[in-house]
Amino acid sequence: MVNVFTSVKGLPFLAGCVFAAASYPAIPTDKTTPVQQRLAINGPNSVAIGWNTYEELDQPCVQYGTSSDALTQQTCSASSVTYATSRTYSNAVTLTGLSPATTYYYKIVSTNSSVEHFFSPRVAGDTTPFSLNAVIDMGVYGADGYTIQMDQTKRDTIPTIDPSLNHTTIYQLAQTVDDYEFIVHPGDFAYADDWYYKAKNLLDGEDAFQAILEQFYSQLSPISGRKAYMASPGNHEAACQEIPYTTGLCPAGQKNFTDFMTRFGDTMSTAFPSTSAVDAAKVNANKAQVLANPPFWYSFEYGMVHFVMIDTETDFDDAPDGQGGSAGLNSGPFGVPDQQLEFLEADLASVDRTVTPWLLVGGHRPWYTTGGSGCDPCQAAFEPLLYKYGVDLAIFGHVHNSQRFQPVYNNTADPNGMDDPAAPMYIVAGGAGNIEGLSAVGSNLTYNSFAYADDFSYAKISFLDASNLQVDFIRSATGEVLDSSVLYKSHTEQFVVQ
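Put into structure tokens, the structure is as follows:
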């Protein structure tokens, strides 16, 4: 990488043989046209709608209702923000007081927008089975992709994907849009910091970085504008490139997670108020709300699940992307000392298993992985808390393949295996596809049960009931199930502390 960067900065003769041309999408004639739409679970009975425009909006507004031809309600905000180097403004409106588990239709107010729809969040404690998808390490793709054939037998309309889109995971997310209720994406979006992989970008890095972001979030919007898309940071959100100790060369808008914060900061949740009858749970949930710092660390509840997002990049001792961290990106901090870990402990301690029996954590860098070293500082910071409070499943990416591990703690497999273990089950779902390609599986670990790097893939997590959770790894190109497992947890304790 250093040699590439040196060539970009130090070889002016390239100007004669490389045409600098960032691949920006066309700017619509009506600059209020919404693009890059995204939804998020923002609170109980609440959905945030985010989108970008090519001009600042005085008052971003969304019309909505339970019938596509009767959008009888409207909510507006004053949130229309941008940053240096961005061509667009990020807008956000939060809809509150929604009826749970209900299809809502919505239209972003513009002279050039259409009516879309979403399924509102289930309330905490709803025992209806459902699935979510874990899609991590997903980048922008180019022209020669799949052609989507519209299948009119589907219960719902399949999101229309650009036929030239070469991204099999987005294709599969569109084809199976009725089979999951939301998506979690803990880190690494677009891979804009890899702009220099393409020769045409070498003399136009600042614009190329922004163009990749615009392309990717436009490609994603048919999915993220239909399903809540819950985000947390990865290393590829940090700066204009990942070359250690060079972030000072990045433009002001392309360092310190600027686009990630601007794009997702007003849509992700903080932490939900506790619906437990136990006062201690309410106190801990209130503490977590105060300490939460979306989009870096936060939590939300949905049906049988309490889900916590963590930041494996900054804001703990020896954090890889933090000040003085091993990646040399010197980002953050985004909170006061120990804020993230204090949030995590308060949030995990608030979980009442009689309300939300399943407790999941999502983050970017794994500490259990085949074919390479895991994140030791992450393990030191987070693993004790995940074990102490009985996290059921931890979802990570960063390594570009799919992996499933037996429940494990402190590098030792739980003797109960998948039958009521005390330790968390860990998966890596980093095979969604990006410019860097897939990571070799490498040498196996004794407690690894599945590893796959032959093609793009992602994970589907299904909550069958209060005691059975199914994890399927899906091959993006075909939809075939590559690996399937069921975790049984008795969940007999109302509050787990071990």
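One point on numbering: in our numbering, the residue at position 39 of the sequence shown is 489, and numbering is uninterrupted. In this text, a Cβ means the ideal position worked out from N, Cα and C, and glycines have one as well.
According to the Cβ coordinates, are residue 913 and residue 854 closer than 8 Å?
Locating residue 913 in the sequence shown gives position 463, counting from the first residue. Locating residue 854 in the sequence shown gives position 404, counting from the first residue. Not in contact: residue 913 and residue 854 (Cβ atoms no closer than 8 Å).
Rounding to the nearest angstrom, what Cα-Cα distance links residue 874 and residue 667 in this structure?
Locating residue 874 in the sequence shown gives position 424, where the first residue counts as 1. Locating residue 667 in the sequence shown gives position 217, where the first residue counts as 1. Using only the alpha carbons, I get a separation of about 32 Å.
Give the straight-line distance between the Cα atoms of residue 680 and residue 583, rounded to the nearest whole angstrom.
As a working note, residue 680 is residue 230 in the sequence shown. As a working note, residue 583 is residue 133 in the sequence shown. Answer to the nearest angstrom: the Cα atoms are 10 Å apart.
At the level of alpha carbons, what is the spacing between residue 695 and residue 674?
Against the sequence shown, residue 695 aligns to sequence position 245. Against the sequence shown, residue 674 aligns to sequence position 224. Our two residues, residue 695 and residue 674, have alpha carbons roughly 34 Å apart in a direct line.
Could you spell out the range, first to last residue, of the beta strand (DSSP E) harbouring residue 880?
Taking the first residue of the sequence shown as position 1, residue 880 is located at position 430. Counting along the chain, residue 880 falls outside any beta strand (DSSP E), and DSSP gives it neither H nor E.
Taking only the alpha-carbon atoms, compute the straight-line gap between residue 537 and residue 885 and give it to the nearest angstrom.
Numbered from 1 along the sequence shown, position 87 holds the residue referred to as residue 537. Numbered from 1 along the sequence shown, position 435 holds the residue referred to as residue 885. In a straight line, the C-alpha of residue 537 is about 23 Å away from that of residue 885.
Inter-residue CB distance, residue 847 and residue 684 (contact presumed, cutoff 8 Å)
For the purposes of this step, residue 847 is taken as residue 397 along the sequence shown, with counting starting at 1. For the purposes of this step, residue 684 is taken as residue 234 along the sequence shown, with counting starting at 1. Indeed they touch by this definition, with Cβ atoms about 7 Å apart.
Would you list, in sequence order, the uninterrupted beta strand (DSSP E) runs of no fewer than 3 residues that lie entirely inside the segment 528-566?
539-545, 553-558
When DSSP builds the beta bridges, which residues end up paired with residue 690?
Here the question's residue 690 lines up with position 240 in the sequence shown. Partner(s): none; residue 690 has no beta bridge.
N-terminal and C-terminal residue of the beta strand (DSSP E) that residue 497 is part of:
Locating residue 497 in the sequence shown gives position 47, where the first residue counts as 1. Residue 497 -> beta strand (DSSP E) spans 496-503.
Roughly how many whole angstroms lie between the Cα atoms of residue 726 and residue 805?
Taking the sequence shown and counting its residues from 1, the one referred to as residue 726 is at position 276. Taking the sequence shown and counting its residues from 1, the one referred to as residue 805 is at position 355. Roughly 7 Å between the two C-alpha positions.
Is there contact here, the segment 498-517 with the segment 529-544, by at least three beta-carbon pairs under 8 Å?
yes
For the alpha helix (DSSP H) holding residue 790, just list the boundary residues, first then last.
As a working note, residue 790 is residue 340 in the sequence shown. 789-799 is the span of the alpha helix (DSSP H), which, as asked, contains residue 790.
Under 8 Å Cβ to Cβ from residue 940, same chain only, skipping five residues before and after it: list those, please.
Within the sequence shown, the letter at position 490 stands for residue 940. Same-chain partners within the cutoff: 870, 917.
Decide if residue 931 is buried, meaning its Cβ has at least 16 other Cβ atoms within 10 Å, or exposed.
Translated into positions along the sequence shown, residue 931 becomes position 481. By the Cβ-count criterion, residue 931 is exposed, with fewer than 16 other Cβ atoms from all chains shown falling within 10 Å of its own Cβ.
Return the CA-CA distance between residue 551 and residue 722, expressed in angstroms with no decimal places.
As a first step, residue 551 is located in the sequence shown; it is residue number 101 there, counting from the start. As a first step, residue 722 is located in the sequence shown; it is residue number 272 there, counting from the start. Straight-line Cα distance between these residues: approximately 17 Å.
Work out the CA separation of residue 490 and residue 749 for me, nearest whole Å.
Against the sequence shown, residue 749 aligns to sequence position 299. Against the sequence shown, residue 490 aligns to sequence position 40. Using only the alpha carbons, I get a separation of about 12 Å.
Return yes when the Cβ of residue 497 is within less than 8 Å of the Cβ of residue 580, no when it is not.
Reading the sequence shown from its first residue, position 130 is the one you call residue 580. Reading the sequence shown from its first residue, position 47 is the one you call residue 497. Taking 8 Å as the Cβ cut-off, residue 580 and residue 497 do not qualify as a contacting pair.
Strand pairing of residue 491, partner residues [DSSP]:
Locating residue 491 in the sequence shown gives position 41, counting from the first residue. 497, per the DSSP bridge assignment.
Three-state secondary structure assigned by DSSP to residue 485:
The residue given as residue 485 occupies position 35 in the sequence shown. Three-state DSSP puts residue 485 in a strand.
Sufficient close CB pairs (3 or more, under 8 Å) joining the segment 749-758 to the segment 556-574:
yes
Quick one: using the 10 Å Cβ neighbour count with 16 as the cut-off for buried, is residue 1022 buried or exposed?
Look at the range of the chain in this structure, 451 to 948, and you will see that residue 1022 is not part of it.
So residue 774 and residue 764 are in contact, right, with Cβ under 8 Å, and what is the actual spacing, rounded?
For the purposes of this step, residue 774 is taken as residue 324 along the sequence shown, with counting starting at 1. For the purposes of this step, residue 764 is taken as residue 314 along the sequence shown, with counting starting at 1. The Cβ separation is near 11 Å, so there is no contact.
Under three-state DSSP, which class holds residue 525?
As a first step, residue 525 must be located in the sequence shown, where it is residue number 75. If DSSP states are grouped into helix, strand and coil, residue 525 belongs with the strands.
Can you tell me whether residue 812 is helix, strand or coil according to DSSP?
For the purposes of this step, residue 812 is identified with residue 362 of the sequence shown, where counting begins at 1. In this structure, residue 812 counts as strand in the three-state DSSP scheme.
Which class does residue 910 belong to by DSSP, given the choice of helix, strand or coil?
Residue 910 sits at position 460 when you count from the first residue of the sequence shown. Residue state, collapsed to three classes: strand.
Figure out for me which residue from 739, 671, 737, 759 has the closest Cα to the Cα of residue 746.
Working through the sequence shown from its first residue, we reach residue 746 at position 296. With distances taken between Cα atoms, residue 746 lies closest to 759.
Based on the DSSP output, what are the partners of residue 684 in its beta bridges?
The count along the sequence shown starts at 1 and reaches residue 684 at position 234. Residue 684 is not bridged to any residue.
Measuring only the C-alpha atoms, how far is residue 823 from residue 590?
Numbered from its first residue, the sequence shown carries residue 823 at position 373. Numbered from its first residue, the sequence shown carries residue 590 at position 140. In a straight line, the C-alpha of residue 823 is about 26 Å away from that of residue 590.
Considering only their Cβ atoms, is the gap separating residue 665 from residue 473 smaller than 8 Å?
Within the sequence shown, numbered from 1, the residue matching residue 473 stands at position 23. Within the sequence shown, numbered from 1, the residue matching residue 665 stands at position 215. In this structure, residue 665 lies closer than 8 Å to residue 473 by Cβ.
Secondary structure, beta strand (DSSP E): runs of 3+ residues fully inside the segment 836-865
843-846, 852-855
Would you mind sorting residue 942 into buried or exposed? The rule is 16 or more other CB atoms within 10 Å of its CB.
Taking the first residue of the sequence shown as position 1, residue 942 is located at position 492. So residue 942 counts as exposed.
So does the segment 731-743 actually touch the segment 705-722, counting three or more Cβ pairs closer than 8 Å?
yes
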